[in-house]
Every structure is written in structure tokens, then in C-alpha cells.
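Quick note on the numbering used here: the sequence shown kicks off at 451 and runs consecutively. Glycine residues also receive a C-beta, built at the ideal position from the N, C-alpha and C atoms. Just so you know, these numbers come straight off a predicted model, no measurement behind them.
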Amino acid sequence: MNHIYLRRRRKLHVEPLTGAAGAELSTLGAGVPHLAMVQKEVAQFGFVLSDSLLDRLRILPVEQVTQFLLAVRKDLQAMVGAHRVHAPLYPGFPREVLALSDAELYLNAVRHYLSLRRMPSAVGQRPPLLHGKVPEVIELGTIDDFNSIFTQLASAKSSLSAQDKEDLAWFVGHHGQAVFSLLPAQVPFKENLALLGAHLLRLVPGELTLMFLHTHITTATDVLRLAVALAGGDVSLAAPTRFASMKRAERKLLLGLLEHIGNLTEDMRRWAERWKRLGKVLHPGEFAQRFPKAFAAFDVVRNDKPFVSFNSRIEVLLSDGNADAAAQELLARPGEMARRLDHLLRTAADPDAVLAGFAQVAAKVSTPVLLQVLTHFSFRGRQRLRSFFPKGDVANVFAMNAAVAPLAVELVTGVAVVCESTLLERFASLPALGRCYIDPELRHHLVPLAQRSGSRSLRTLVRGSSVPMPESPFVRLFLWWMNGRSRTDIDLSAVMYDDDFNYLDSLTYYNLRNYGGCHSGDIVDAPQGAAEFIDLDLARLRQMNVRFVVMMLTSFTMQAYCDLPECFAGWMARRDTGSGEVFEARTVVDRIDVASNTQTCLPLVFDLQERRVVWMDIALKGYPRLNNVHQNLSGVSLMLRALTALVKPDLWTLFSLHARARGEMVGSPTDAQTVFSVREGITPFDTDRVRAEFL
451 MNHIYLRRRR KLHVEPLTGA AGAELSTLGA GVPHLAMVQK EVAQFGFVLS DSLLDRLRIL
511 PVEQVTQFLL AVRKDLQAMV GAHRVHAPLY PGFPREVLAL SDAELYLNAV RHYLSLRRMP
571 SAVGQRPPLL HGKVPEVIEL GTIDDFNSIF TQLASAKSSL SAQDKEDLAW FVGHHGQAVF
631 SLLPAQVPFK ENLALLGAHL LRLVPGELTL MFLHTHITTA TDVLRLAVAL AGGDVSLAAP
691 TRFASMKRAE RKLLLGLLEH IGNLTEDMRR WAERWKRLGK VLHPGEFAQR FPKAFAAFDV
751 VRNDKPFVSF NSRIEVLLSD GNADAAAQEL LARPGEMARR LDHLLRTAAD PDAVLAGFAQ
811 VAAKVSTPVL LQVLTHFSFR GRQRLRSFFP KGDVANVFAM NAAVAPLAVE LVTGVAVVCE
871 STLLERFASL PALGRCYIDP ELRHHLVPLA QRSGSRSLRT LVRGSSVPMP ESPFVRLFLW
931 WMNGRSRTDI DLSAVMYDDD FNYLDSLTYY NLRNYGGCHS GDIVDAPQGA AEFIDLDLAR
991 LRQMNVRFVV MMLTSFTMQA YCDLPECFAG WMARRDTGSG EVFEARTVVD RIDVASNTQT
1051 CLPLVFDLQE RRVVWMDIAL KGYPRLNNVH QNLSGVSLML RALTALVKPD LWTLFSLHAR
1111 ARGEMVGSPT DAQTVFSVRE GITPFDTDRV RAEFL
């Protein structure tokens, strides 16, 4: 369990010694030298143990402390990427690259590409590293706090990342029947409900699981998502699923769930093609007498029989220019009305009546949707680009011109007032927070509304959020990968742009030195794993008018990252590029697993003017004939513009609404009973808690 606890909460559970045996062993516990050794080992990876955790270790036998250290060291190595050997093409990097002439680099590159082997080179001695990165603190935890991770994951009101889904499955498998005592009263997000239901059916079959499903599954789409989850497909329904044959008991379960659902046919027609695929393995005709309602709905969907749905009526009204009538119909579907509100206000003959109608039903709209509507209207007309993250397991971004038809200021302000007052009233019913301090830095952290395509990373950041860069004068990017089914060449690049997003240059396999940067050399084969590095001299880059540096990974040999055994990347904050080891775990600031079904990945961008790192974690679509930086420049530039101009709900706004509704805001954390900040109290990295308790 501690590997999950450490990764998600930066906490560890250590069972205390109790009773007479505990008192006796405490006198033989680990001494100061052993504790110092533990602290020093942990510090190698950029972490320190809290006083309370050290006090717990102090009374344990030395053998137990040793086992604890071995386990924690293994987990920390994997978290920062130190579990692999990082050997660059030029082992004396960066000195060796900087010392070679351009001609030598060219000849070495030619020889390297012809032989497909690494260049031999002696490794020189390096002085000890002087680093300035602030270490992260690992606290002492409890079993109840650890189990709350599962409850908060199940309570999340937005999608879960791949890592979240794995951890959810671990809890179900580990706890068995006891997991039902940890379940929340509601599982509000339907994708997560499907995943949880599938895990329960596989790992904890029985009456309790059946009762859970019949209680929580309320729509036909819920049933479809459950079937997709059982088949290992995409529960967001963004991609079709290949359904294998099902056991008779599974077919009866799914058809039985459908039989008790209202608006069945209309709901099934929303995903008609998905239901046609599923119908081929469910064989509803075999159970026509037992489940007649489900059979009749399948008959309409599979045979394309005429049926007028709610959404089709809305589309007809809008296409006929009758937005006022459409708004009246949409009062029955408040969430759908909220999503169409801008269009309705622009096209209705009586927009004031539309706004009044929305005010009547706003209380029935979910918190995430209200936050998005509030943000949209608060920034309406001031956006350069509108960015969309489509559903699916690959993080793509679509960007378009944000120009929209003007709306009366009174309408725009009115929508914002309705959303804000509704949220304040909703939050006021929650437990009091007392005096609240909200760190202004939280304006740079976005609300975790869609994490389904988020990559595993050392720090959980929401796409589009930004964090300050350490004061270190140098940044070292790193990449590590291992061959897939054949030779695999992944390239690490740094692409540079000025203040106006004009492309300047790139550091990549065909351009090892420029703009105060240095590339460690291109490795084109990684049977045992390979590493590439790029050093960036931040002051010199700014002197040369570089504003943005985009970190870019490209699969030159065209394999998708999901087909590789392992691939990860990140960056280190360095005070001296020539000190320490090439890969120094304690200086790693961010580390991201690259495992998406794509060939080009943009993990992050450095804004050198603001000295901030913007988390991108997105993929470029399309497959150029030659997969390198030059072939992808237009896509990189668009993604850079989209992510730096992103307008999405931020945590400062969300927490401020909570503080106003159930507490009072104060100007100092020392005066507060509840602290929202980036380092203490409730932080942006507590995504489980934010999704469960504040959305």
C-alpha cells in the first residue's frame, strides 16, 4: 500500500509498536546514525522525512528500519526516474559536446547512424553537485487517511487519469468485500461508476455488487459504459469498443439493468452504433419475454426505426430559428441548457426570458458545468483562441478563433451572477471552513475537470496549469526509453519561440548546440534502454530573445509510445551543468511517463520571461513522413498558443467561492483555520480531495 500512499499523498504508514513488547523493543530501536542514513538516502531523490515519521522509525528495530528504507528507496527511484541507467551518447556531456568542433560532431553522427551503435567515450570525474531544489517532505500517515484515497477517487466529479484507474482497481482487489464500507453514498461521475462497477463484478462478485449496480445505474448510457468497462474499452465512449462474447449471466445482468430504466429508447439512440455492436453479443431476442422493454428498444436502434428524440426536436427548433421555443424545451434538461446557453442568448428573440429560465433551473446543473459557464462568460470576448480537449485516452487539443457575436453586457453579467449565486448557495450547505487563506498562486492552477488522458507524473498537474521555475540558472531535460518490438529511436528536442510565438530554432538530433543550449547526442537504438539530455542556459536564452522553450518528444521510427516497454521524460533544475552525475535524482523537478497512442508528445513549455513551467501533456495528431521537429513546427506553434491562452476554471476561483459561502477570507495563512496553497493545507496536488469535496 505504501507505494500508492507515497505517490499520491507524500505519506507513509508505519505500524506503531504497542504494549510491553513495544516498550522493550523501543530501547533497542534505530539510533541516530541509522536515522541519519535513512534521511540521507531519501534526500538523494529530492525528499526528506518529517519529524513525526522519523520519531516512529526511531523506536523500530534496525532490521525493520532497513526493510523500510529498501522499500521506500525503490519507490522513490521509480517516481523520479532513477530506477534506470541514464547513459548519453556522449558520456562526458555537456563538456564533451561543447569541446567538439562542428565537423567532428558531423562525422561522429554519420558514423553513429551507419553503425547504429553508441559512440565509445571515457567518462570523466565530476565534482559533487550543488543543487538548490527545495526537497519534498514525506509525512507519517494512517490507515484511515490511506483508505480515504479510494473514497475520494470514487467520489470524484470529473474523469480519472490512467494512474487513478489503476489505484481504484488496486483498492477493490485488495479490500474485497470490505471495500463496500469505503464506498461513498454516490458515485457522481458516470465514467468512474462504470469502472468501479466492472472492478466489483470481476473482483467482488455477489449480492452486494448486484445491489450496488441496481442502485447506482440509472440510464442506458450507464449500462453501455459498464459493458465497455467489462470489455476493457474507452468508458468516455470517444472510441468504439470491440465486444467479445459474454457469459449468459453477464448478458442477463446488463439486459436486466436496461429493463428498469426510463427513456430507454431515446437514451440508446444517442449512441446507436455502440449499441448495435453490443447487441450482437447481448442477443436481446433470446430474452425477449423476460426483458420486453429492452428488446423493444434494441429493435428500434438496430433496425433504424423512426423515433423522435428530445435532442432531435431541439436541433429542428434551432435550425428553424426558434431559439425561444428550444430554450423552453431545454428547461427540462438543465445541464444541456447550460452548455447551449451562449447560442440561445445570441439567437433568441427574447434573451432576457432565456436568462430568466436558466436562473430557475441553474440549481440542477452540476458544479463542474456551472464553473465552466461562469468562466466562459467572465472572459467572453477577451480570448484569442478557444481550446477544446476532446474525450479519449490521448490528450489532443483543438484550437479555433475565439471571435463570437457580441452580447449585451447585461446578459453576460447576468449569466455570471446566476452561476456564482447558485454555487455560493450550494457550497453554503457544506461544513463550515472558518477563516480561509487562499494563495494567489492558485490562479495559475486549473480545476481538475478532465484527467482521463493525463499521464502518470511525479507531480499531479492539470493540463494548462503553471508553476514557478526554481532559481537555478540551468535546466536539464531528460528522456529515457527502451526498444519495443523492433529498433526504436525516440528524439528529445527543445523548440524555441519569441514573445510573438515566432519560431527561432530548435535543439535536436541534427542541431546539438545553439542559443545557449546543448544536446547530449542522438541515440538511435535502445535494446537495453537509452537516454538523451538537453541543457538550457536560461539567462543566455533570454538575452537572445527566447521567450518559450517547448519540450518535444518524437518517435523517429514511428512506433507509438504505448507500444514501448517504458518511456519517460522530465527536467532537472541545475546550478552547475558540469557537477554531479548526468542524471541527478535529487534535482528532478518533474517526471512524466509517456505511454499514449501517439508518436509526438509535448510534455511542457518553459516561459522564460515569467519564469514559469506550463504543463502541456498533449499529443500532436497526424503522422508526417519524417517524424522530427521540422515536420511538426506548425502543430507545435498552435499547441503553444492554445495552452498559453487557455481560459478554464482555476482553483483560486473555486476555493474563493467555497470560502465566501462557508467561511471568511483572511490575508495570512497564520490567521487561517483552512489554508489553500501550493505547499501547505489543501494544495493543487490534492486532486483526489479537490474532485471529491470541492466539486
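Item to check | Contact between the stretch 887-901 and the stretch 1104-1115 (3+ Cβ pairs under 8 angstroms) | outcome: They touch, by the three-pair rule.
Next on the checklist: Out of Gly831, Phe630, Leu708, Ala635, which one is the CA nearest neighbour of Trp725?
Outcome noted: Selected option, being the one with the closest Cα: Leu708.
Next on the checklist: For the alpha helix (DSSP H) containing Ser871, name the first residue and the last one.
Outcome noted: Element bounds for Ser871: 859-877.
Checklist entry - Span of the alpha helix (DSSP H) holding Tyr887? => result Counting along the chain, Tyr887 falls outside any alpha helix (DSSP H), though it belongs to the beta strand (DSSP E) covering 884-888.
Checklist entry - With 16 as the cutoff for other CB atoms within 10 Å, does Val482 come out buried or exposed? => result Here Val482 is exposed. Its C-beta has fewer than 16 other C-beta atoms within 10 Å.
Checklist entry - Taking just the CA atoms, how far does Leu646 sit from Phe600? => result If you take the alpha carbons of Phe600 and Leu646, they lie about 11 angstroms apart.
Checklist entry - Considering only C-alpha positions, which residue in the set Val1032, Thr817, Val1044, Trp1021 is nearest to Asp1056? => result First, the residue type needs correcting, since residue 1056 is Phe and not Asp in the sequence shown. Residue Trp1021 holds the alpha-carbon nearest to the alpha-carbon of Phe1056 among Val1032, Thr817, Val1044, Trp1021.
Item to check | Residues that Ala1012 bridges to, as DSSP identifies them | outcome: Per the sequence shown, residue 1012 should be read as Cys rather than Ala. In the DSSP output, where bridge partners are listed per residue, Cys1012 has none listed.
Checklist entry - In three-state terms, what does DSSP make of Leu1104? => result Leu1104 falls in the helix class under three-state DSSP.
Next on the checklist: On the criterion of 16 or more Cβ atoms from any shown chain inside 10 Å, does Glu1034 qualify as buried, or is it exposed?
Outcome noted: Counting every other CB atom within 10 Å of its CB across the protein chains shown gives Glu1034 a total of 16 or more, marking it as buried.
Checklist entry - Hey, Leu861 and Leu821 are a contact pair by Cβ (cut 8 angstroms); roughly how many whole angstroms apart? => result Not confirmed; about 19 angstroms, so no contact.
Item to check | Check whether Thr521 and Asn452 have beta carbons under 8 angstroms apart | outcome: It is worth fixing the name first, because residue 521 is Ala in this sequence and not Thr. Pairing Ala521 with Asn452 gives a Cβ-Cβ distance under 8 angstroms.
Next on the checklist: Whole angstroms are fine: how far does the CA of Gln739 sit from the CA of Val530?
Outcome noted: In a straight line, the C-alpha of Val530 is about 58 angstroms away from that of Gln739.
Next on the checklist: Looking only at its chain, what residues have a beta carbon closer than 7 angstroms to the beta carbon of Gly729, apart from the 5 residues adjacent to it on each side?
Outcome noted: Closer than 7 angstroms at the Cβ level, and outside the excluded window around Gly729, lie Phe748, Arg752.
Next on the checklist: Three or more C-beta pairs under 8 angstroms: does that hold for the stretch 926-939 against the stretch 530-539?
Outcome noted: By the Cβ criterion, the stretch 926-939 is in contact with the stretch 530-539, since at least three pairs of Cβ atoms, one from each stretch, lie closer than 8 angstroms.
Checklist entry - For the 8 angstroms Cβ check, are there 3 or more pairs between the stretch 907-926 and the stretch 951-960? => result Verdict: no, contact absent.
Item to check | Coarse secondary structure for Met1066, derived from DSSP in three states | outcome: DSSP places Met1066 in the strand class (E or B) of the three-state scheme.
Item to check | Reference Val912; option with closest CA among Leu633, Leu1096, Ser1118 | outcome: The shortest Cα separation from Val912 among Leu633, Leu1096, Ser1118 belongs to Leu1096.
Checklist entry - Where does the unbroken alpha helix (DSSP H) through Gly706 begin, and where does it stop? => result For Gly706, the enclosing alpha helix (DSSP H) covers residues 698-709.
Checklist entry - Who are the Cβ neighbours of Leu794 in its own chain at under 8 angstroms, not counting the five residues just before and after it? => result Taken in chain order, the residues that qualify are Ala773, Ala776, Ala777, Leu780, Met787, Pro801, Val804.
Checklist entry - Is there contact between the stretch 753-768 and the stretch 731-745, where contact requires at least three CB pairs shorter than 8 angstroms? => result Segments in contact, no.
Item to check | First through last residue of the beta strand (DSSP E) which encompasses Asp987 | outcome: DSSP places Asp987 inside the beta strand (DSSP E), whose first and last residues are 980-987.
Item to check | Beta-carbon proximity of Asp941 to Asp972, cut-off 8 angstroms | outcome: Yes, they are a contact pair.
Checklist entry - Given that a residue counts as buried once 16 or more other Cβ atoms are within 10 Å of its Cβ, and exposed if not, what is His664? => result Per the 10 Å Cβ criterion, exposed.
Next on the checklist: Does Thr669 come out as helix, strand or coil in the three-state DSSP assignment?
Outcome noted: Reduced to three states, the DSSP call for Thr669 is coil.
Checklist entry - In terms of residue numbering, what span does the beta strand (DSSP E) encompassing Gly1030 cover? => result Run containing Gly1030: none; DSSP gives neither H nor E here.
Item to check | Nearest-angstrom beta carbon gap, Leu892 and Trp1065 [assumed within contact, 8 angstroms] | outcome: For a cut-off of 8 angstroms, the C-beta gap from Trp1065 to Leu892 is around 15 angstroms, too long to register as a contact.
Checklist entry - Roughly how many angstroms separate the alpha carbons of Ala604 and Val1044, rounded to a whole number? => result Just so you know, the alpha carbons of Ala604 and Val1044 end up roughly 25 angstroms apart.
Item to check | Start and end residues, beta strand (DSSP E) containing Pro638 | outcome: Annotation for Pro638: no beta strand (DSSP E) segment contains it, and DSSP assigns it neither H nor E.
Checklist entry - Closest to Ser879 by CA distance: which of Leu618, Arg1110, Gln527, Leu610 is it? => result Out of Leu618, Arg1110, Gln527, Leu610, Arg1110 has the C-alpha closest to the C-alpha of Ser879.
Checklist entry - How many angstroms separate the CA atom of Gly904 from the CA atom of Thr671? => result So the alpha carbons of these two residues sit roughly 24 angstroms apart.
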